[in-house]
Structures are given as C-alpha cells and as structure tokens.
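If you read the sequence shown in the working numbering, its first letter stands for residue 11, the second for the next number, and so on. In this text, a Cβ means the ideal position worked out from N, Cα and C, and glycines have one as well. Nothing here was measured: the structure is a model prediction, and the numbers come from that model.
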Amino acid sequence: MGDLAGRVAMVTGAGRGIGAATARALAAAGARVICSDLTAPEDLAADIGGLALAQDVTDETGWEKAMTFAREEAGGLDILVNNAGLFLMKPLTQTSLEDWRRVHAVNVEGVFLGCKAAIPLLAERAGKWSGGTSVINLSSIAGLVGSAGAVCYNASKGAVRLLTKGLAM
C-alpha cells in the first residue's frame, strides 16, 4: 500500500475480520482511519490512532451523520471502504423473505447508501491528492460464481459488484 499520510479513510464493518485488518493496513500506510461498526470499535481506533463511530450502514440518516462526523472530526474524507456485510448460509427453501431483505439491506443497500453519502464529500478533496479519492466496495467470489446454500449472499454480492461497475463508468 502506498503512502497515505494526511488522508482520511472510513472503513465500515471495522469491528473485526477483514474490516479490522483493512483499518490497520490503512493506518499503517499513514491514513487517519474512521472505524465504523454497529458498536463503535473503540479499542481498534485507539490502537491505530483512529476514530471510532457507531453506525448502522442500513440507516440513511446514519450515513449523513457519518459524513458530518468525517468532516468535523477528521477534516473530510479521501477513502471509503464499504466492508460491512452479512453472510447467511441457508438453502433457498429455508430462506425467508425477511432473511433475504436483511442480507440485502446490509450488503447492497449499505453500499448504495455509503456511496451516495460519501461521493459529495470525496469530491471536495478529489483534487487535493495525486490519484484523487477512492471508494472501495467489498464483494466476494460468491457474487461471481455463487456458492452452494448461500443464495441471499450470492445475489447480494453480485449486486455489489455491478453497482460498483456502474459507479465506475
């Protein structure tokens, strides 16, 4: 990872796993990291010299508050990592509509809302750095080839992949 000194990154789902590792890597590269999760990851933020934020990625108003937080507490936003996700392993015949909606709310709508909220803030700083600003949306190989028994997850990660392609065009 290149030198990210002076840049501000926000990582959703930073409380554990890939999100926590991503937050650590961004901080190690010099970024100031806003660590976001349902429960604010205070320990991680303290450990990497970042900021902790309690956030439900499915809440549009919460995204507006997150962008205000980024502007007021960190001075703006240069990198958004939409990592928060929900995995559900159930065959279709055992999957309820509520299961489907819950997975898509986090995995797809969370990414949509994050991009929608962050892009104006990212645009404010786009000319500040060589290379501009970045949105990184995490999908999965399951969104390309699928995986047995994870129909909700497969569909949601395929949607994230195509949402990302659409934004990039």
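Quick one: residues in its chain with C-beta nearer than 7 Å to the C-beta of residue i, no 5 flanking neighbours on either side, listed in chain order?
{"i": "Ala136", "result": "Gly142 and Thr143"}
{"i": "Ala80", "result": "Val18, Met20, Ile44, Gly86, Leu87 and Leu131"}
{"i": "Gly124", "result": "Thr22, Val67, Trp73, Leu90 and Asn92"}
{"i": "Glu134", "result": "Gly86"}
Going by other Cβ atoms of all chains shown within 10 Å of its Cβ, with 16 needed for buried, is residue i buried or exposed?
{"i": "Ser106", "result": "exposed"}
{"i": "Thr22", "result": "buried"}
{"i": "Val155", "result": "exposed"}
{"i": "Ile58", "result": "buried"}
{"i": "Ala128", "result": "buried"}
{"i": "Gly16", "result": "exposed"}
{"i": "Ala84", "result": "buried"}
{"i": "Gln65", "result": "buried"}
{"i": "Gly29", "result": "buried"}
{"i": "Ala94", "result": "buried"}
Give every residue of the same chain whose Cβ lies closer than 6 Å to the Cβ of residue i, excluding the five residues on either side of it in the sequence, and list them in chain order.
{"i": "Leu102", "result": "Val161"}
{"i": "His114", "result": "Ser166"}
Anyone know if the C-beta pair for residue i and residue j falls short of 8 Å?
{"i": "Asn92", "j": "Asn147", "result": "yes"}
{"i": "Leu36", "j": "Leu63", "result": "no"}
{"i": "Lys138", "j": "Gly153", "result": "no"}
{"i": "Leu132", "j": "Val121", "result": "no"}
{"i": "Val118", "j": "Ala169", "result": "yes"}
{"i": "Leu90", "j": "Val116", "result": "no"}
{"i": "Gly159", "j": "Met99", "result": "yes"}
{"i": "Ser149", "j": "Arg171", "result": "yes"}
Whose C-beta lies closer than 8 Å to the C-beta of residue i among residues of the same chain, with five residues either side of it excluded?
{"i": "Gly60", "result": "Ala33, Ala37, Arg42, Val43, Ile44, Cys45 and Leu54"}
{"i": "Gly25", "result": "Cys45, Asp47, Leu48, Thr49, Pro51 and Leu54"}
message: Does the contact criterion of 3 or more C-beta pairs under 8 Å hold for the segment 23 to 43 versus the segment 103 to 111?
response: Result no; under three Cβ-Cβ pairs closer than 8 Å.
message: Assess contact between the segment 67 to 80 and the segment 50 to 57, defined as three or more Cβ pairs (one per stretch) separated by less than 8 Å. Is contact present?
response: With a cut-off of 8 Å, the segment 50 to 57 and the segment 67 to 80 do not count as touching, because too few Cβ pairs lie within range.
Segments assigned beta strand (DSSP E), at least 3 residues, entirely inside the segment 38 to 79: Fully enclosed beta strand (DSSP E) runs of 3 or longer: 42 to 47 and 61 to 64.
task: Could you tell me which uninterrupted alpha helix (DSSP H) segments, each at least 4 residues in length, are contained entirely in the segment 83 to 140, listed from first to last along the chain?
output: DSSP runs (the alpha helix (DSSP H)) wholly in the segment 83 to 140: 107 to 114 and 120 to 135.
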